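For the protein sequence lines, the chains are A and B, in the order given. So for the first sequence, the working numbering puts the first residue at 712; every next one is plus one. So for the second sequence, the working numbering puts the first residue at 142; every next one is plus one. For every residue, glycine included, the Cβ atom is placed at its ideal position computed from N, Cα and C. Given the structure is predicted, the values throughout are model-derived calculations rather than measurements. Report on one structure; see the data block that follows.
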Amino acid sequence: MDFNDNAEEAAFRAEARAWLEANVPAREELEGLDEVEAAKLWQKRKYDAGWACIRWPEEYGGRGASAIEQVIWNQEEGRFPTPGSVFGIGQGMAAPTLMAWASEEHKREHLPPLASGEHIWCQLFSEPAGGSDLAALRTRAEKDGDEWIINGQKIWTSGAHYSDYGIIVLRTDPTVPKHKGLSYFFLDMKSPGIEIRPIKQISGGANFNEVFFNDVRVPDDQRLGAVGQGWQVALTTLMNERMAIGGGGGGVGFSQVFDLARKVEIDGEPAIRDRNVRAKLATWYAQETGLKYTGYRALSALSRGDTPGPENSIGKLVAASKAQDMASFAMDLLELSGAISDPAHAEARGMYQATFMGAPGGRIAGGSDEIMLNILSERVLGLPQDVRVDKGIPFNEVPTGR
Amino acid sequence: MNFEFSDEQNLLREQALGFLQEACPTSTVRAILDDDDRPYDDELWRKIAELGWTASVIPEAYGGLGLSYLELSVIAEELGRAIAPVPFSSSVYLATEALLMAGSEAQKEKWLPRLATGDVIGTFALGEGPGQPRADKLATAASGALTGVKIPVADGDVADFAVVVARSDAGDGASLHLAELDGVDSQSVGTLDPTRSHAKITFADDAAEPLGTHGEGWTTTQRLLDRAAVLFAWEQVGGANAALEMAKEYALERYAFGRPIASYQAIKHKLAHAYVKNTLARANCYYGAWALDTDADELPVAAATARVSATQAYYYASKENIQTHGGMGFTWEFDCQFHYRRAKLLSVNIGSEATWQDKLIGAMERDRPAA
């Protein structure tokens, strides 16, 4: 066992770091730009130098790099304060789906502007009646000549308000069992009949939208996969979603709460002296390192040219709950002051309160805890699926709630 | 980045797994559980010694194989999976390790070759009754000879010698002593897991020789426990995976309300949680094995982290294995009890979960100066 790069990896890392050192935009350069403008500036710069979407083939705007090189690039880029990305869904989920299912012509047309950041894409999957049970979605598409006419509603669409294109799963035949009546398209988000309304979250932000479709027309040419094959195409996207979301914790981590416990007091002693505090901190630390070293194992597999094992899919499940519990505990350590979220007065500028309010979303987005547990038990442990009362029944005869 | 066992180490794992499936099925564990007169499976012990597992990390100069702690980690995981009823942890992770760390040349020459062949069994005597052992509370004293009561001493009723932690008025307050147990009053005591025997040893002016420097015994003990903790954690991870596997097999076979109970989310999620805990613990054990093998500065943190997560994982998997089996899991006839017993035994054997949590945070406090 060793933690070092091999010679090729080390050379690649050095090249990546040198380019980043010379090219990451300075703060002044980004002054006055909004989130999307700053992200586009940085993405275009990477693209022009051949550092965008590096795993993609060169003809689609990438550099044909290996999986381990992608990881090294991510690590190196992560060392720098770069503008946040608004391209995760387009590059991480739409693009792999296009690569697997789109015509050569569409790939050459749409992948390079995705890599360069010229186009932002969103994902129109979830619906009010189709979340964890995604295949129960109801938004209809009816064929009209060379076009389809879309009516219905999508929800939880991140970035819909600034996206140029969207990937969408639609019900094209309600008379067959639910998975068989779906088809998959991509569409122009500026199409007439699309109405986007932001959803305000409990955290106060509004990253999500409701998207309404009123007689929106999409060319049949923009269908990916056959009519009725939409579920299969959607699985390509979803597999990539779980990889894209991965172990991302964000917010409160062990170090912050450890430092806080040294600073605040319990019974006149630093809180860190308290056995209960120590026990909790130790447990969280072991979870945090467990995820980190599980990641190292995946890197080792990539480094050897193997596919990482399924153990990587535990990341989001563990990290989201841990962040929630740690934020809650940190606020307890602050006692009365735990209530303050005003950055001007709050400990750590309100990070604990912000994490606490954001964490419930983390436990739901990209597959709820319960869905992740189902996936682990079915795909990793090989346990049977739950009984499905809608199995084999035409979609329009399946019982529904409100 | 290479954070994996080598092909040779994985081959060793396959061999170990195959050997233990053959030589240590659960009927072997049960035979020791049901027979009060057999403290351990001496035939299995003999075979394990013949495979050279007891000689793994002993240098070739002392009759060992000179393998690394990564190989020993692989063996530990498989012994844990098999719930092996042998004094391996006492003799290899503790007694052998104590001699390697603190033994004089003469002591090493005398004991290591016979520890390597499994002809002698060693153990480590620390505890003196309820509560956390502390240097300033030790009653066992040595002035040429040893006096005091050590309880419980794992394998103390079958060991040929013990490394004994005794009070010292110098240095850190403790010294280590090597005591041959022939003629010493050693009585078996029943424990939670009868497949691992324990004893009460009463030293009454019995001969012992110092092991290591006088007044450095407590420091050496902590270092020894850190090293052993990684290997105990590997045993725990092996056991935790076996318990999960047992629960899974049963849940797939057992039907209720017309379908396998493995199709109910209440069961699926329980087992998925066990999988998550086991995966985290295994990853921490990888890091622990690396730190142990390279004697890294990170060892105290790495060992405690592996130990905490492995203890939690095995406890969860072993209790939920019984729960998944329902009433049958509570019967003597079923094997679920083996993991439940072993999980708790391993978790208290070298210090409880809370103790290792405390050590982990203590090591972090030392590593990271306060702001």
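* Could you name the residues that DSSP lists as bridge partners for Arg928 (chain A)? => In the first sequence, the residue the question calls residue 928 (chain A) occupies position 217. A:Ile860, per the DSSP bridge assignment.
* To do: Check Lys1102 (chain A) in the structure and name its three-state DSSP category.
  => In the first sequence, the residue the question calls residue 1102 (chain A) occupies position 391. Coil.
* Looking at C-beta atoms only, is the number of pairs between the segment 862-876 of chain A and the segment 886-894 of chain A that lie closer than 8 angstroms three or more? -> No, the segment 862-876 of chain A does not touch the segment 886-894 of chain A.
* One or two residues paired with Ala345 (chain B) in a DSSP bridge -> Taking the second sequence and counting its residues from 1, the one referred to as residue 345 (chain B) is at position 204. Looking at the DSSP assignment, Ala345 (chain B) forms a beta bridge with B:Thr288.
* Asked: Which runs of the beta strand (DSSP E) spanning at least 3 residues fall entirely within the segment 439-485 of chain B, listed in chain order?
  -> Listed in chain order, nothing qualifies, since the segment 439-485 of chain B has no complete beta strand (DSSP E) run of 3 or more residues.
* Asked: Which runs of the beta strand (DSSP E), 3 residues or longer, sit entirely within the segment 755-813 of chain A?
  -> Taking 3 residues as the shortest admissible run, the segment 755-813 of chain A contains no complete beta strand (DSSP E) segment at all.
* Asked: Can a CB atom of chain A be found closer than 8 angstroms to the CB of His410 (chain B)?
  -> Here residue 410 (chain B) refers to the residue found at position 269 of the second sequence. Among the residues facing chain A, His410 (chain B) is included, as its CB has a counterpart in that chain under 8 angstroms away.
* Asked: Are any of the Cβ atoms in chain B nearer than 8 angstroms to that of Gln998 (chain A)?
  -> Residue mapping note: residue 998 (chain A) aligns to position 287 of the first sequence, counting from 1. Interface residue, yes.
* Put Ser966 (chain A) into one of helix, strand or coil per three-state DSSP. => For the purposes of this step, residue 966 (chain A) is taken as residue 255 along the first sequence, with counting starting at 1. Of the three classes helix, strand and coil, the one that applies to Ser966 (chain A) here is helix, per DSSP.
* Asked: If we count the other Cβ atoms within 10 Å of its Cβ and call it buried at 16 or more, is Tyr457 (chain B) buried or exposed?
  -> Taking the first residue of the second sequence as position 1, residue 457 (chain B) is located at position 316. Buried, by the Cβ-count rule.
* Residue nearest to Leu267 (chain B) in terms of C-alpha spacing, selected from B:Val306, B:Leu253, B:Ala286 and B:Ala243 -> Locating residue 267 (chain B) in the second sequence gives position 126, counting from the first residue. Checked all of B:Val306, B:Leu253, B:Ala286 and B:Ala243; the closest Cα to Leu267 (chain B) is B:Val306.
* Rounded C-alpha distance that separates Thr420 (chain B) from Ala750 (chain A) -> Residue mapping note: residue 420 (chain B) aligns to position 279 of the second sequence, counting from 1. Residue mapping note: residue 750 (chain A) aligns to position 39 of the first sequence, counting from 1. Distance between the alpha carbons of Thr420 (chain B) and Ala750 (chain A): 36 angstroms.
* Opening and closing residue of the beta strand (DSSP E) in which Val304 (chain B) lies -> Mapped onto the second sequence, residue 304 (chain B) falls at position 163. Unbroken beta strand (DSSP E) run through Val304 (chain B): Phe302 to Arg308.
* Cα-Cα separation, Ala369 (chain B) to Gly244 (chain B) -> In the second sequence, the residue the question calls residue 369 (chain B) occupies position 228. In the second sequence, the residue the question calls residue 244 (chain B) occupies position 103. Straight-line measurement puts the Cα of Gly244 (chain B) at about 17 angstroms from the Cα of Ala369 (chain B).
* **Extent of the continuous beta strand (DSSP E) to which Pro909 (chain A) belongs** => As a working note, residue 909 (chain A) is residue 198 in the first sequence. First-last of the beta strand (DSSP E) with Pro909 (chain A): Ile905 to Ile910.
* Which value, in whole angstroms, describes the spacing of the CA atoms of Gly1069 (chain A) and Val747 (chain A)? -> Position 358 of the first sequence, counted from the first residue, corresponds to residue 1069 (chain A). Position 36 of the first sequence, counted from the first residue, corresponds to residue 747 (chain A). Distance from the CA of Gly1069 (chain A) to the CA of Val747 (chain A), rounded to the nearest whole angstrom, comes to 21 angstroms.
* beta strand (DSSP E) segment containing Tyr876 (chain A), residue limits -> Counted from its first residue, the first sequence places residue 876 (chain A) at position 165. Boundaries of the beta strand (DSSP E) around Tyr876 (chain A): Tyr876 to Arg882.
* Under 8 angstroms between the Cβ atoms of Tyr181 (chain B) and Val330 (chain B)? -> Within the second sequence, the letter at position 40 stands for residue 181 (chain B). Within the second sequence, the letter at position 189 stands for residue 330 (chain B). In this structure, Tyr181 (chain B) keeps its C-beta atom at 8 angstroms or more from the C-beta atom of Val330 (chain B).
* Same chain, Cβ closer than 7 angstroms to Thr994 (chain A), neighbours up to 5 away in sequence not counted -> Position 283 of the first sequence, counted from the start, is the residue given in the question as residue 994 (chain A). For Thr994 (chain A), where only same-chain residues beyond five positions count, there are no Cβ hits under 7 angstroms.
* Other residues of its chain near Ala479 (chain B): CB distance less than 6 angstroms, five sequence neighbours each side excluded -> Indexing the second sequence from 1 puts residue 479 (chain B) at position 338. It should be pointed out that residue 479 (chain B) corresponds to Phe in this sequence rather than to Ala. So the list reads Val170 and Ile224, once near-sequence residues are dropped.
* Can you name the start and end residues of the alpha helix (DSSP H) that Pro1071 (chain A) belongs to? -> As a first step, residue 1071 (chain A) is located in the first sequence; it is residue number 360 there, counting from the start. Run containing Pro1071 (chain A): Met1062 to Gly1073, per the alpha helix (DSSP H) assignment.
* Around the Cβ of Asn382 (chain B), are there at least 16 other Cβ atoms within 10 angstroms (buried) or fewer (exposed)? -> Taking the first residue of the second sequence as position 1, residue 382 (chain B) is located at position 241. The Cβ neighbour count for Asn382 (chain B), taken over all protein chains shown within 10 Å, is at least 16; the residue is labelled buried.
* To do: Check Gly957 (chain A) in the structure and name its three-state DSSP category.
  => On the first sequence, residue 957 (chain A) is found 246 positions in, with the first residue counted as 1. Its pLDDT being 40, under 50, Gly957 (chain A) is placed unreliably in this model, and the value from its coordinates should be taken loosely. If DSSP states are grouped into helix, strand and coil, Gly957 (chain A) belongs with coil.
* For chain B, find out if any of its Cβ atoms is closer than 8 angstroms to the Cβ of Thr994 (chain A); answer yes or no. => Sequence index remark: in the first sequence, residue 994 (chain A) carries index 283 (1-based). True, the Cβ-Cβ gap to chain B drops below 8 angstroms.
* Asked: chain A partners of Ala424 (chain B), CB-CB under 9 angstroms?
  -> Taking the first residue of the second sequence as 1, we reach residue 424 (chain B) at position 283. Result: Thr1000, Gly1001, Leu1002, Lys1003, Tyr1004, Thr1005, Gly1006, Tyr1007, Arg1008 and Glu1022.
* To do: Decide if Gln464 (chain B) is buried, meaning its Cβ has at least 16 other Cβ atoms within 10 Å, or exposed.
  => By one-based count along the second sequence, residue 464 (chain B) stands at place 323. Per the 10 Å Cβ criterion, exposed.
* Would you list, in chain order, the members of the segment 223-249 of chain B that have their beta-carbon closer than 8 angstroms to a beta-carbon of chain A? => Answer set for the segment 223-249 of chain B: empty.
* What are the start and end residues of each continuous alpha helix (DSSP H) run of 4 or more residues lying completely inside the segment 386-440 of chain B, in chain order? -> Taking only runs of at least 4 residues, the alpha helix (DSSP H) segments lying wholly in the segment 386-440 of chain B are 406-435.
* To do: Identify the contact partners of Asn1085 (chain A) in chain B, using a Cβ-Cβ distance below 9 angstroms as the criterion.
  => For the purposes of this step, residue 1085 (chain A) is taken as residue 374 along the first sequence, with counting starting at 1. The contacting residues are Gln406, Lys409, His410 and Ala413.
* For Tyr895 (chain A), write down the residues that DSSP places opposite it in a beta bridge. => The count along the first sequence starts at 1 and reaches residue 895 (chain A) at position 184. Bridge partners of Tyr895 (chain A): A:Val880 and A:Leu935.
* DSSP-derived helix/strand/coil call for Ser231 (chain B) -> Position 90 of the second sequence holds residue 231 (chain B). DSSP, reduced to helix, strand and coil, places Ser231 (chain B) within a helical segment of the structure shown.
* To do: Could you tell me which of B:Asp260, B:Trp194, B:Thr258 and B:Gly429 sits nearest to Ser450 (chain B), measuring between CA atoms?
  => As a position in the second sequence, residue 450 (chain B) is number 309, starting the count at 1. Ranking the options by Cα distance to Ser450 (chain B), first place goes to B:Gly429.
* Asked: What in chain B is Cβ-close to Val1091 (chain A), meaning under 7 angstroms?
  -> Here the question's residue 1091 (chain A) lines up with position 380 in the first sequence. Around Val1091 (chain A), the beta-carbon contacts reaching into chain B at under 7 angstroms are Tyr416.
* To do: Helix, strand or coil for Asp148 (chain B), going by three-state DSSP, please let me know.
  => In the second sequence, counting from the first residue as 1, residue 148 (chain B) sits at position 7. Of the three classes helix, strand and coil, the one that applies to Asp148 (chain B) here is helix, per DSSP.
* Short CB-CB distance (under 8 angstroms) between Arg427 (chain B) and chain A -> Taking the second sequence and counting its residues from 1, one reaches residue 427 (chain B) at position 286. Checking the sequence, you will find Tyr at residue 427 (chain B) rather than Arg. With 8 angstroms as the cut-off, Tyr427 (chain B) counts as an interface residue toward chain A.
* **Under 8 angstroms between C-beta atoms of Leu317 (chain B) and Thr361 (chain B)** => On the second sequence, position 176 is the one that residue 317 (chain B) refers to. On the second sequence, position 220 is the one that residue 361 (chain B) refers to. Going by C-beta atoms, Leu317 (chain B) is nearer than 8 angstroms to Thr361 (chain B).
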